[in-house]
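Q: Just so it is clear: in the sequence shown, position 243 is 1510 by the numbering used here, and no numbers are missing.
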Amino acid sequence: MPRAATTYPAAQPAFELARLTGTVELRLAEAVAAARARPAKVTGVLATLLHRLDGQAAAPETLRSLASGTREWLLQRAAARFRPAQDWLAADCQTCGARYDLALDIAALPMKPAGTGFPTVAVETSLGRRSFEAPNGTHETAVARRGLTGEAARRYLAALCGLDADSSAAAERFDVEDLDRIDAALEALSPEAVSTLASRCPNCETETRAWLDPLDYAFPRLEPLLREVHRIAATYHWSEAEILALPTARRRRYLALIGSRP
Ligand SMILES: [Zn+2]
1268 MPRAATTYPA
1278 AQPAFELARL
1288 TGTVELRLAE
1298 AVAAARARPA
1308 KVTGVLATLL
1318 HRLDGQAAAP
1328 ETLRSLASGT
1338 REWLLQRAAA
1348 RFRPAQDWLA
1358 ADCQTCGARY
1368 DLALDIAALP
1378 MKPAGTGFPT
1388 VAVETSLGRR
1398 SFEAPNGTHE
1408 TAVARRGLTG
1418 EAARRYLAAL
1428 CGLDADSSAA
1438 AERFDVEDLD
1448 RIDAALEALS
1458 PEAVSTLASR
1468 CPNCETETRA
1478 WLDPLDYAFP
1488 RLEPLLREVH
1498 RIAATYHWSE
1508 AEILALPTAR
1518 RRRYLALIGS
1528 RP
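Structural data, given as C-alpha cells:
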C-alpha cells in the first residue's frame, strides 16, 4: 500500500513567536551551541522561538515534518527578531578570499514558493510512475546521520521520500536519469528560502556569493547573557531564575539603569 505523505502540507504556515525572556534566550544559546547536526539545531531553535504554528502548539515533531525550505524560512524569520533591518555582516570572497562587508535585511529575504501539488509530486521513471513527498526535517536528519553525499545521498533520499509501497526497493534500481528527474521534480516542488547573497568583491571585483547561516550569527550567545544576569544579580541581589524570567526588554532597562547609576 502506498503511504501517506508526512511532510507538513503548508509551505509558509502562519506562525507566532514566543515572548522573549532571558529563559528563552538561554535555551536558544544552548540549542545553537549543542554538539548536534544542523537539522537538530534548527529544530531546537524553532521549538524554542515558535509559540504557535497555524494556531497549534509548535511541537518538535511538527517542526521536523516541515519542508526543508519552510524550516529555513522560519529560521530566518526567527533570526530577524535579533538583528536590525539594516544589518552588516562580513563574508569572504570566493575568488580572492578577501573579507568584505555586506548589507542584509534577513526579514526581507525572498522565498521560492512551493510547486503545484505540494507536498507530493508524481515522477515518470524507468520503473513507471512513482510518487514522492517534498523532503522535510526528518529526511534531512536521516541523510545527515548517514553522512551520505552525491549519488548515495540522492538514492537514499528517493527511498525516504518515496510514497509507493516498493519505494525502498525502487530506489535501489533507479538509474542516474531517474535520480536526475526525481531531483528536478523535488526541487520544483519544494519551497526554498533564499540564503545566499550575491555581491561584487571590492578587492578583486568579481561576482561572489555568500551563504550566511543564521545559526552562526543571529541568535543570543551564552556569555553575554550570563554577564547581564551577573550585573543585575550583583546590583539587586535577585536570583538567576528571577532575572531570566524578566522580559528581555525589561532586563535591558535595568541594565541601562545600572549603567547610568551616579
Ligand atoms: Zn575578491
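Cβ atoms here follow ideal geometry from the backbone N, Cα and C, with glycine treated the same way.
#1: Which whole-angstrom value is the C-beta distance of P1458 and K1379, which I expect to be below 8 Å?
#2: Return yes when at least one heavy atom of ligand 1 lies under 8 Å from the C-beta of A1357, else no.
#3: Does any heavy atom of ligand 1 sit closer than 8 Å to the C-beta of T1362?
#4: Need the endpoints of the beta strand (DSSP E) that G1395 sits in, please.
#5: Check the C-beta distance from V1461 over to P1377 and give it rounded, since I have them as a contact under 8 Å.
#6: Measure the alpha-carbon distance for T1310 versus G1336 and round it to whole angstroms.
#7: Would you decide whether Q1323 is buried or exposed? Buried here means 16 or more other CB atoms lie within 10 Å of its CB.
#8: Spatial neighbours of A1285 within its chain, please: C-beta separation below 8 Å, excluding the five flanking residues on both sides.
#9: Less than 8 Å between the CB of M1473 and some heavy atom of ligand 1, yes or no?
#10: Run through the DSSP bridge pairs and tell me what N1470 is partnered with.
#11: By the 10 Å Cβ neighbour count, where 16 or more other Cβ atoms means buried, how is R1520 classified, buried or exposed?
#12: Give me the DSSP bridge partner(s) of G1429.
#13: Could you tell me if S1216 is buried or exposed, where buried requires 16 or more neighbouring beta carbons within 10 angstroms of its beta carbon?
A: This is what the structure gives:
#1: 6 Å
#2: no
#3: Answer for T1362: yes, Cβ within range of ligand 1.
#4: G1395 to E1400
#5: 5 Å
#6: 13 Å
#7: exposed
#8: Cβ neighbours of A1285 beyond the five flanking positions: V1291, T1315, L1316, L1317 and H1318.
#9: A small fix is needed here, since residue 1473 is Thr in this sequence, not Met. T1473: yes, Cβ under 8 Å from ligand 1.
#10: Paired residues: none, contrary to the question.
#11: With fewer than 16 other Cβ atoms within 10 Å, it is exposed.
#12: F1399, per the DSSP bridge assignment.
#13: Here the chain covers residues 1268 to 1529 and nothing more, so residue 1216 does not appear.
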